[in-house]
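Residue numbers (our numbering), protein chains in the order written: chain X, 1 to 254; chain Y, 1 to 632.
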Ligand SMILES: Nc1ncnc2c1ncn2[C@@H]1O[C@H](COP(=O)(O)OP(=O)(O)O)[C@@H](O)[C@H]1O
Ligand SMILES: [Mg+2]
């Protein structure tokens, strides 16, 4: 459903900087792919290009056979809002709104009826276990709850592709596990494709496939196969094989 | 690099951050300097110049200076507010409190110095223009030539260096840098949802309604007694309006899902209640300052129109001569000759009208009533192109003054309509109808009757004279000169409207000019306050829109939200001020019993238009800034 061919990105500036080189990547419907790599390797850049928030310098992005970047600016914004779901490291919630309001925000922009919004929000809150905090402001809840609220917002319009940039980056390990379990269950139940950038080998081990990039180039990829535990160790091995400095990867937990 | 160099570089490298603060400081200096150029003009230092006007100018200068002080203080503190994070970071890196204070002090001195010099330079560029404007509004015999304003430069420079020094010292002294964590976090995050009390919101509405109602209902001299209480009540009401009622209304809107959850409304209102509450004091101040500006300018303008239009309406003749009651016919004849000589000297082409005003007993006992021969009346009427009257032989026409100012006198015509005129032969003339004309400046009403009937009147109880001249159009200068001469030779008896109005305008000009000047200063600085508030929140706004844009927000939606938000923030204090101003001017018109609708509409309308232009400009830059970040 998502296909990248020879995507490169050069940041222009006083000194042009090549952040991505010839990235080829394909994600099937319902697949859960994790992207790992050291800091500065171009993960966020890649995700921004997929999310149409940024444009590749060369190469092609196709979603369900069409290139969203051919769309006009306004249509592009609507495309993002309707086809994609976003989860960010810093949650990206508006702190002037309540949890419920944050969740329905994308729908309000599209002029959905209040009843429908209310129904969907209640349903999704139920499944994510945040019904009790719906009327709280985002400043009054914990990081784990904020990320769940952000997931609810990303899921409320049933997107085809969910993009997550370090969703567990700001969470403790217990909350990280909760959030990952939630993403996996969404991925399995709704058949939503999931593309997640992460530093965290633990989080990556929930995926079907991990892609490693280094210096803006594809380095390697490993598939899950057996148990999550074994997958986790394979990921750790790959990371140390990629050499560099183990410290680049913040949380190496069993 | 010494710390001093660091402070200097900090200013020079962060130009964009400092520019708004710098510009408004410079603007203040420029305003003061322009005023000084005008006030220290050599034409005024001559002894002949009106001492009261000089005093007025000194007071005005003082007001502008004090106002500048608060304006700069306010600009500076809101500027520092927007840099809290920077200070927090510096402190985290180990800068001491003292160093930060020194930095703030040095920065402000640098900015203040450049602003002073810049303001003076720009002021010099506009010097000629301001003198030209002053020359036209003020009626000064000699023209205000351009001169090199050494004294104005010195006074401005010294005053403002002193001002900036004091404020820099003051601000750096009170700078609160103690709570590091607060500084770094920024202020918004921890604040709870702004609350508004229903009780106080209702009080706000009641105070405003009561204040307005009183101001509009009260008539005549009572306006003066009502003024202070009404001002207090409305001021308090305005304060509560911004701090309570507005927040309350937005909260009500927010709690209604079918409104709040519609399209971009959520984005619009989510921040609005916060920004309303945060900006309540600023809005209050802006509303009050603008109200003062609107009312002052409206009042001055209205007053001028009252003086001049009133005079013009009552005296349509170029010159009028009214003898004293006991003047003999010889004196009158001599005076008239004198006037005609003066008119000849000045080469004025004028038609004279002379009428014996005879007062008779009528069936209305107490008062003698003026009765005018139709042909006399018609001659006077023809001079000022009024309609002539043709009373039937056995009828009388009642004429009353057509002047709006003399509302009490209208009763007089009713009295005359009910009585009648008895002729020598016993025949009676019944009044037929009432007309209003300005032909005779008789304050009571009078009869106009047929010439034949006039012959049959009994002997008058009292006789008076009215002599008028109507000059052809376009002899303004000669008329003024003649008016001046007549005023010298026949004071209180001969009267020239144009000359009197000229005198009034001459005396009134400086007041009007200074009033306008101060009013505009207030208005522009009120606008700057708003501008500052808006741009203090800009970073927060950018962050908000950036996070939504990532999820998907069209440019159109962004523009819509930003437009509405700025419009609400920008216009709410001004609209309040416009309504306040309109009510104040209505009260003023009741005090003088003079219709100020045209003047008020003109003044308030111009301010509204200026504000709209200002809004369009500010919005352009604001939207551009937000867009630049959000849609790269
Ligand atoms: N807007 C930008 N302009 C210039 N260079 C950028 C920009 N964004 C990122 N980069 C550079 O591109 C490289 C990749 O950045 P990023 O994709 O954020 O890395 P990651 O998310 O893997 O840590 C980094 O070296 C970064 O400095
Ligand atoms: Mg990143």
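Where is the CB? At the ideal position from N, CA and C, for every residue including glycine.
Being a predicted model, the structure only gives us computed values, none of them experimental.
Asked	Found
Any contact between the segment 322-331 of chain Y and the segment 491-500 of chain Y? By contact I mean 3 or more CB pairs, one from each, below 8 Å.	yes
I need the boundaries of the beta strand (DSSP E) containing residue 147 (chain X), first residue and last residue.	Here residue 147 (chain X) belongs to no beta strand (DSSP E); instead the alpha helix (DSSP H) covers 143-155.
At which residues does the beta strand (DSSP E) containing residue 60 (chain X) begin and terminate?	58-63
Hey, would you say residue 29 (chain Y) sits closer than 9 Å to residue 150 (chain Y), going by beta carbons?	no
Go through the residues and name those whose CB comes closer than 6 Å to any heavy atom of ligand 1, in chain order.	X:11, X:13, X:17, X:19, X:37, X:39, X:40, X:41, X:42, X:43, X:44, X:45
Express the C-alpha separation of residue 574 (chain Y) and residue 289 (chain Y) in angstroms, rounding to a whole number.	10 Å
Taking only the alpha-carbon atoms, compute the straight-line gap between residue 337 (chain Y) and residue 132 (chain Y) and give it to the nearest angstrom.	42 Å
Three or more C-beta pairs closer than 8 Å, one from the segment 154-163 of chain X and one from the segment 65-77 of chain X: is that the case here?	no
When every heavy atom of ligand 2 is checked, does at least one fall within less than 8 Å of the C-beta of residue 165 (chain X)?	yes
Work out the CA separation of residue 538 (chain Y) and residue 5 (chain Y) for me, nearest whole Å.	29 Å
Please report how far the alpha carbon of residue 261 (chain X) lies from the alpha carbon of residue 103 (chain X), in whole angstroms.	There is simply no residue 261 (chain X) to check, as chain X begins at 1 and stops at 254 in what is shown.
Let's test the definition: count the other Cβ atoms within 10 Å of the Cβ of residue 266 (chain Y) and tell me whether it reaches 16, buried, or not, exposed.	buried
To the nearest angstrom, how far is the alpha carbon of residue 519 (chain Y) from that of residue 296 (chain Y)?	7 Å
Does any heavy atom of ligand 2 sit closer than 8 Å to the C-beta of residue 197 (chain X)?	yes
Check whether the Cβ of residue 78 (chain X) lies closer than 9 Å to any Cβ atom in chain Y.	yes
For the beta strand (DSSP E) containing residue 353 (chain Y), name the first residue and the last one.	350-360
Leaving out the 5 sequence neighbours to the left and right, which residues in its chain are closer than 6 Å to residue 60 (chain X) when beta-carbon positions are compared?	5
Name, please, each residue of chain X whose Cβ falls closer than 7 Å to the Cβ of residue 263 (chain Y).	108, 109, 111
Residues bridged to residue 464 (chain Y) by DSSP?	Y:357
Of all the options X:95, X:210, X:84, X:127, which has the alpha carbon lying nearest to the alpha carbon of residue 107 (chain X)?	X:84
What are the uninterrupted segments assigned as beta strand (DSSP E) that are 3 or more residues long and contained completely in the segment 168-254 of chain X, given in chain order?	193-197, 209-214, 217-223
Bridge partners of residue 496 (chain Y), per DSSP?	Y:319
Using the C-alpha atoms, what's the distance from residue 161 (chain Y) back to residue 67 (chain Y)?	16 Å
Given residue 515 (chain Y), which residues of its chain have a CB within under 7 Å of its CB, disregarding the five upstream and five downstream residues?	296, 297, 300
State yes or no: is the beta carbon of residue 161 (chain X) nearer than 9 Å to at least one beta carbon in chain Y?	no
Identify the continuous beta strand (DSSP E) that holds residue 87 (chain X) and give its terminal residues.	84-87
From the DSSP output, in three-state form, read off residue 414 (chain Y) for me.	helix
Give me the chain X residues within the contact set of residue 554 (chain Y), using Cβ-Cβ distance strictly less than 8 Å, ordered along the chain.	73, 74, 77, 78
Using three-state DSSP, classify residue 165 (chain X) as helix, strand or coil.	strand
With DSSP as the reference, label residue 446 (chain Y) as helix, strand or coil.	strand
Closer than 8 Å by beta-carbon distance: list the chain Y residues that pair up with residue 297 (chain X), in chain order.	Coverage of chain X is limited to positions 1 through 254, which leaves residue 297 (chain X) absent and any answer about it impossible.
In chain X, which residues lie with their C-beta within 8 Å of the C-beta of residue 624 (chain Y)?	The contacting residues do not exist; residue 624 (chain Y) stays about 16 Å from chain X at best.
Kindly list the residues whose CB is nearer than 6 Å to the CB of residue 229 (chain Y), restricted to its own chain and excluding five residues on each side of it in sequence; keep chain order.	none
Among the residues of its own chain, which have a CB less than 6 Å from the CB of residue 293 (chain Y), if the five just before and after it don't count?	519, 522, 523
With a threshold of 8 Å, are at least 3 pairs of Cβ atoms found where one atom belongs to the segment 22-39 of chain X and the other to the segment 197-212 of chain X?	yes
List the endpoints of the continuous beta strand (DSSP E) containing residue 91 (chain Y).	Careful: residue 91 (chain Y) lies outside any beta strand (DSSP E), inside the alpha helix (DSSP H) at 84-92.
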